[in-house]
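> I am attaching a structure below and will ask some questions about it afterwards.
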């Protein structure tokens, strides 16, 4: 059995990790880390775990945990892991970090968008960006540190990736309009996240300044082998789970001056995702809906070509706590330990 | 592999059966019955099943299905199964009926509350009321026909059962105030179930006349070995899943004239449910919440003794589509085929 | 113009007072009190008031405010007003208190249920319990202090009042099962009120111990001229506004041993409420729904007689922020100043 | 008193018209037209109107109604009014049409996008596009026929109008990503609009093909005095009311090669909307939220300049049933009859 420790186990992503790992046949959770609830029973914080988890919450002692666990998941605020990570820890336990600390290769970009100093830039190079469908080859038993992509980024990148990779769209025209359920905002007690403030309400936030922007730009830049500067606008929507992205870009014309056809674009998506378990390219005319992937590790994607404007509208949907956080982390863990990639992740989406 | 057929596979309970059976290691679904969607791909009706189910929907031919399946689940309107069931069918396939057709032993009571004639009363006696925690002994490989209890009834009965069985409450004072999410109303296209009619709204319905009343009375009557006449009031609440019941009854005084203590009542609940996997008696002071059981087969119960009024307030929560329908049906199937009772049902509740 | 000051103007009830008073032709708001937002623009706290309110929030200086306002609304935590109220204040401005400080005549009962010491019991006797439909005669230009009833109590009392008053039910059997939207929990930043904790969830709380219980008992006791001890169970439901109560009681039999008829009970309700603008006795068979009164000052009530159990099930619905708080406060203000009782309250419920 | 008739009074927009007109001091509703509910009491269809409306629903006899009403509101499906309108009707009563029948001047464009033949194209030219803030001058006592803009279009147009009018953006880059609550889908009984299908779900629909696209293009074309071809993508969001649009466009550089500043763009918005009662240009950094305009006739707009991409992100929010339908219709009626433009529309947004 793989011994797993979770730092930040009482946040929403941490709770989802517990849900998934409890049903993972090769894993045992040995550490429920939660600074806010030290010595309280985990199942008193998350009553759904009553009689399923008997452990109490423990402090965030990464050094000690590295001696007890084979893998550590950090579902913690930005800067937390960067401030504590050491070679000693990394040499003893694999780390899957759900924060953004090691996602961005250029430390100056990280520090500018996040507004904090990076305390351990020496590990950035080693960290693998754990978007399994794209970087699967780099996530293997030799890997020590995985930067697990976030919800907006996973959805945004996977939705556009095949077209950027194949150079079919003008990346400078790429606009990502993203909508998120509220669990992405975390479990902190803030007035703006109260039921009555969120329910029956919609808004954009972080306009032209959201921290996930440079991460999407960097990864799509690798795909397209070019510099990408795009617009990314997140929105808050009154639901618990789910990310939906709607992406707009100018399609490049073919040499004969015409736009690519539906079949041509579909073939490109199928080329990249046809064999992927967790990415489903939907049938023609079907728009992704967040409810159809809820509780599962799927990303549903599709597209519409708009001949009038010459644009393609790409759409993607995922569950922000599964494929956008805990599910992807487990997928990375499976790869790190040489298990079946979908072990513990054969979740059927729950409807309604 | 057990071959399972589902009649009514495109209703919400039918869809939940598909979700559960897809992850059941001993079962293969061989028939997706849906009169409304014959010859359409099942995954076009429930897009969450895209790439998970390739079958098309088929007609409701029970006779034919009985030759192809080991077990048939009927998630159909009242009267449907009663109108079609024959000895020939029953002799070839086990039936788990999610409708009310064989739940009530007194056919006159059935016909009065449901307002329809029962077409096959000859099978009522044979049918086992499949509330596993109470009737487990009667659901076994010799059983042919299981009347699977509904959502309101399962929650209402299990919440009060230990106290009725032990004669601790005055059953004539029992009042059940039940609240349900909207999936219990089914997938029919009715104005009253539109999003805008249900959202931000609450109401009682079927006051003093709801069909689940006599079923609860009958089963609690068996438990208490007495005639039970109670008040049952269902309410519609703006959420997808979940039943919450709040039950009120006068506690009988002990010979010394005092009320039973918390510890005494707790011991009774623990006696009946301490070894039950799917019934969780919560810690003192914790009220059941529907979210804590969502997506799982658990029923959470608890109680408060009110010394001022001499009443006990009992509370229970379950997911109406799992323990209240499809999960309980799978639990019954496991018993019918001698499998582990929780096979395919080790679902961790999903939060948030 | 009546000059009105609001203490606690940035809570939900305070915000609703602002909404109502802005459209009241005889009132001008002169003081937006909010300890948490002193010197901030009110419209930055409640952006709906942008360009409608230009004032900044001010401190809670009751003494000063009494010199500037004709009427002061206190939408403040329990104990706040009791700790500050003086004869000097009362002699200069009328007070409408939306807290519970002066609702309960027996100070020992108040102190027991609220767990705090009452700092100004000398004003309790003078305070008028401002349930206008019942105490209209006592709310007049000579009244200085109104204890404005809360949401649960207003709904609970008005739903049962006619039958208690006429002695038609056995008050010792009265059980009130109440359900509330989340705005009743206030605007405090608490984890339990976060969107993801409340949404898709239901629970009871304060079982057998909720503070509104003695207030309901006291008022119904006055109506029935008897001691009332009842069960009151509040529930939290995922919606913003709305209270729904379902009340159960044994109907007293008539001298001939039969139960009263629908028509007889209906006549009693009509006797008390037929001329009331804000209480609507619905047509036979129609259950109150919270959505039908949203945004308005109406209470909708109705009942069903259950011949099987001999009980009557009474139902009531109101908007907790209007008739359950700010609307009733304005109604009381109108009476205090001799205005039309419905001035500023001719609000048509908003659907959907 | 102006006598008003409503055809389609039992749809959501029709119901909202009733709500608004009941509180309009100069109007009396003389005809509640509803084909589906003929001879039923209106207040049985919309229980919120109990004791407020005593009328029964009547058939859609436009000719007869024209003799009884001064103004007729048609809240009806596309093609309905076009199929019935005659000179005789128009000569006797003013018409405010909430459908799209007379919004698009080019009948070929209408017929292509709506897929139906226009039955009375002779009235198209006369019809005034009733976006009051832009066409106020054309809506006056001499006007007979107003094409009342819809929810998506009102919000989309007003959000971008000042910048298009002043030529500050490249209209060919304009992308409108719109999100709507579910009341916009109407009250028809469709599976896709059931609570359980919409709740906890998000999706795009009508991608690159939504009927409101040509209407927005036409009106912005008038503003910019140019041909406009844009991308418009509507999304369905789980809430009752509210439209939010997020619009993206390349800002034109100034002669010196720099982008316009925040202050320069703000000045343009203020120039057009500073004196408008119903359009609120928010303070810097505040994003429009649908909840802040709910129940009112306001449109809240704002923008962010993104120096990195050279784009401006414009945002707008309104209540689709008020400013997006019934409120705007009343605003047009006020102009048609020479009343104060905001008569009956001084609604304070309702929060929460």
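Protein chains in written order, with our numbering: chain E, 1 to 352; chain G, 1001 to 1352; chain Z, 2001 to 2352; chain Y, 3001 to 3352.
The C-beta atom is built at its ideal place from N, Cα and C for all residues, glycine as well.
1) Enumerate in chain order the residues of its own chain whose CB-to-CB distance from residue 3015 of chain Y is below 6 Å, with the five nearest sequence positions on each side excluded.
2) Determine whether the beta carbon atoms of residue 2002 of chain Z and residue 2026 of chain Z lie at a separation below 9 Å.
3) Starting from the Cα of residue 2009 of chain Z, find the closest Cα among Z:2348, Z:2120, Z:2115, Z:2098 and give me that residue.
4) Could you compute how far the alpha carbon of residue 1199 of chain G sits from the alpha carbon of residue 337 of chain E?
5) With three or more C-beta pairs closer than 8 Å as the rule, is the stretch 235 to 255 of chain E touching the stretch 266 to 274 of chain E?
6) With 16 as the cutoff for other CB atoms within 10 Å, does residue 196 of chain E come out buried or exposed?
7) If we define contact as Cβ-Cβ less than 9 Å, is residue 1295 of chain G a contact residue for chain E?
8) Please say whether residue 1102 of chain G and residue 1127 of chain G have beta carbons closer to each other than 9 Å?
9) Mind the definition here: the stretch 2223 to 2241 of chain Z touches the stretch 2201 to 2209 of chain Z only if three or more C-beta pairs lie below 8 Å; say whether that holds.
10) Going by DSSP, what residues sit across from residue 129 of chain E in a beta bridge?
11) Residues of chain E with CB under 9 Å from residue 3314 of chain Y, in chain order?
12) How far does the beta strand (DSSP E) with residue 3356 of chain Y in it reach, from first residue to last?
13) Using a Cβ cut-off of 9 Å (strictly closer), state whether residue 230 of chain E contacts chain Y.
14) Candidates Y:3124, Y:3216, Y:3137: which alpha carbon is nearest residue 3156 of chain Y's?
15) Rank Y:3136, Y:3143, Y:3318 by C-alpha distance to the C-alpha of residue 3123 of chain Y and give the top, closest one.
16) Taking residue 1055 of chain G as the reference, give the member of G:1186, G:1030, G:1013 with the closest Cα.
17) For residue 328 of chain E versus residue 341 of chain E, is the C-beta distance shorter than 9 Å?
18) What does residue 3300 of chain Y pair with, by DSSP beta-bridge criteria?
19) DSSP state of residue 1266 of chain G, grouped into three classes?
20) Tell me the residue span of the alpha helix (DSSP H) that contains residue 1025 of chain G.
21) So if DSSP puts residue 2169 of chain Z in a beta bridge, which residue, or which two residues, is it bridged to?
22) Can you find at least 3 beta carbon pairs, one from the stretch 2295 to 2312 of chain Z and one from the stretch 1307 to 1325 of chain G, that sit closer than 8 Å?
23) Which residue comes first and which comes last in the beta strand (DSSP E) that contains residue 1107 of chain G?
24) Note down, in chain order, each residue of its chain lying with its Cβ closer than 8 Å to the Cβ of residue 2052 of chain Z, except the 5 sequence neighbours on either side.
25) Using DSSP with H/G/I as helix, E/B as strand and the rest coil, what is residue 235 of chain E?
26) With a threshold of 9 Å between beta-carbons, can residue 1181 of chain G be considered close to chain Z, or not?
27) Which residue's Cα is closest to the Cα of residue 147 of chain E: E:185, E:50, E:285, E:105?
28) Note down the Cα distance separating residue 2262 of chain Z from residue 2162 of chain Z, rounded to an integer number of angstroms.
29) When you compare the CB of residue 1291 of chain G with every CB in chain Z, is at least one pair closer than 9 Å?
30) Taking Cβ-Cβ distances shorter than 8 Å, what residues in chain E pair up with residue 3266 of chain Y?
31) When burial is assigned at 16 or more other CB atoms within 10 Å of the CB, is residue 226 of chain E buried or exposed?
32) Let me know the secondary structure DSSP gives residue 194 of chain E once reduced to three states.
33) Is it true that the CB of residue 3194 of chain Y sits closer than 9 Å to the CB of residue 1189 of chain G?
34) According to the Cβ coordinates, are residue 2247 of chain Z and residue 2177 of chain Z closer than 9 Å?
35) Name the one or two DSSP bridge partners that residue 74 of chain E has.
36) Please tell me whether residue 2239 of chain Z has its Cβ less than 9 Å away from any Cβ of chain E.
This is what the structure gives:
1) Residue numbering aside, residue 3015 of chain Y sits at position 15 when the fourth chain is read from its first letter. Hits under 6 Å: 3046.
2) If you number the third chain from 1, residue 2002 of chain Z lands on position 2. If you number the third chain from 1, residue 2026 of chain Z lands on position 26. Yes; because the gap between Cβ atoms is below 9 Å, this pair is in contact.
3) Mapped onto the third chain, residue 2009 of chain Z falls at position 9. If you compare the alpha carbons of Z:2348, Z:2120, Z:2115, Z:2098 with that of residue 2009 of chain Z, the shortest gap goes to Z:2098.
4) Mapped onto the second chain, residue 1199 of chain G falls at position 199. Mapped onto the first chain, residue 337 of chain E falls at position 337. Whole-angstrom Cα-Cα distance: 46 Å.
5) no
6) In the first chain, counting from the first residue as 1, residue 196 of chain E sits at position 196. The residue in question, residue 196 of chain E, is buried, as its Cβ has 16 or more Cβ neighbours within 10 Å.
7) Walking along the second chain from the start, residue 1295 of chain G turns up at place 295. Output row for residue 1295 of chain G: interface = yes.
8) To locate residue 1127 of chain G, count along the second chain from 1; it is residue 127. To locate residue 1102 of chain G, count along the second chain from 1; it is residue 102. Yes, these two residues count as a Cβ contact at 9 Å.
9) yes
10) The count along the first chain starts at 1 and reaches residue 129 of chain E at position 129. Bridge partners of residue 129 of chain E: E:147.
11) As a working note, residue 3314 of chain Y is residue 314 in the fourth chain. The premise fails here: residue 3314 of chain Y is roughly 10 Å from chain E at the closest Cβ pair, so nothing lies under 9 Å.
12) Residue 3356 of chain Y is absent from the structure shown; chain Y starts at 3001 and stops at 3352.
13) Working through the first chain from its first residue, we reach residue 230 of chain E at position 230. Proximity of residue 230 of chain E to chain Y, defined by a Cβ-Cβ separation below 9 Å, is satisfied.
14) In the fourth chain, counting from the first residue as 1, residue 3156 of chain Y sits at position 156. Among Y:3124, Y:3216, Y:3137, the Cα nearest to that of residue 3156 of chain Y belongs to Y:3216.
15) Position 123 of the fourth chain holds residue 3123 of chain Y. Out of Y:3136, Y:3143, Y:3318, Y:3143 has the C-alpha closest to the C-alpha of residue 3123 of chain Y.
16) What you label residue 1055 of chain G is simply residue 55 of the second chain in a count that begins at 1. The residue with the shortest Cα to Cα distance from residue 1055 of chain G is G:1030.
17) Position 328 of the first chain holds residue 328 of chain E. Position 341 of the first chain holds residue 341 of chain E. Contact: no.
18) For this step, residue 3300 of chain Y is matched to residue 300 along the fourth chain. Residue pairing from DSSP places residue 3300 of chain Y in a beta bridge opposite Y:3280, Y:3317.
19) Within the second chain, numbered from 1, the residue matching residue 1266 of chain G stands at position 266. Three-state DSSP puts residue 1266 of chain G in a helix.
20) Taking the first residue of the second chain as 1, we reach residue 1025 of chain G at position 25. First-last for residue 1025 of chain G: undefined, no H or E at that position.
21) Numbered from its first residue, the third chain carries residue 2169 of chain Z at position 169. DSSP, once it has assigned bridges, lists Z:2251 as partnering residue 2169 of chain Z.
22) no
23) For the purposes of this step, residue 1107 of chain G is taken as residue 107 along the second chain, with counting starting at 1. Where residue 1107 of chain G is concerned, there is no enclosing beta strand (DSSP E), although the alpha helix (DSSP H) it sits in stretches over 1107 to 1114.
24) Translated into the one-based positions of the third chain, residue 2052 of chain Z becomes position 52. Once the five neighbours on either side are set aside, the close Cβ partners of residue 2052 of chain Z are 2022, 2043.
25) Taking the first chain and counting its residues from 1, one reaches residue 235 of chain E at position 235. Assigned with DSSP and collapsed to three states, residue 235 of chain E falls in strand.
26) Position 181 of the second chain, counting from 1, holds the residue named residue 1181 of chain G. Closer than 9 Å to some Cβ of chain Z, the Cβ of residue 1181 of chain G qualifies, so yes.
27) Working through the first chain from its first residue, we reach residue 147 of chain E at position 147. Relative to residue 147 of chain E, the option among E:185, E:50, E:285, E:105 whose CA is nearest is E:105.
28) Stepping through the third chain from its first residue, residue 2262 of chain Z is reached at position 262. Stepping through the third chain from its first residue, residue 2162 of chain Z is reached at position 162. Using only the alpha carbons, I get a separation of about 14 Å.
29) Mapped onto the second chain, residue 1291 of chain G falls at position 291. Chain Z, which has a Cβ nearer than 9 Å to the Cβ of residue 1291 of chain G, makes this yes.
30) Locating residue 3266 of chain Y in the fourth chain gives position 266, where the first residue counts as 1. Neighbours of residue 3266 of chain Y on chain E: none; closest Cβ ~15 Å, over 8 Å.
31) Start at 1 with the first residue of the first chain, and residue 226 of chain E comes out as number 226. When all chains shown are included, residue 226 of chain E counts as exposed.
32) Within the first chain, numbered from 1, the residue matching residue 194 of chain E stands at position 194. Correct three-state label for residue 194 of chain E: strand.
33) On the second chain, position 189 is the one that residue 1189 of chain G refers to. On the fourth chain, position 194 is the one that residue 3194 of chain Y refers to. Yes, these two residues count as a Cβ contact at 9 Å.
34) What you label residue 2247 of chain Z is simply residue 247 of the third chain in a count that begins at 1. What you label residue 2177 of chain Z is simply residue 177 of the third chain in a count that begins at 1. Yes, they are a contact pair.
35) On the first chain, residue 74 of chain E is found 74 positions in, with the first residue counted as 1. Residue 74 of chain E is bridged to E:7, E:97.
36) Here residue 2239 of chain Z refers to the residue found at position 239 of the third chain. It does: the Cβ of residue 2239 of chain Z has a partner Cβ on chain E nearer than 9 Å.
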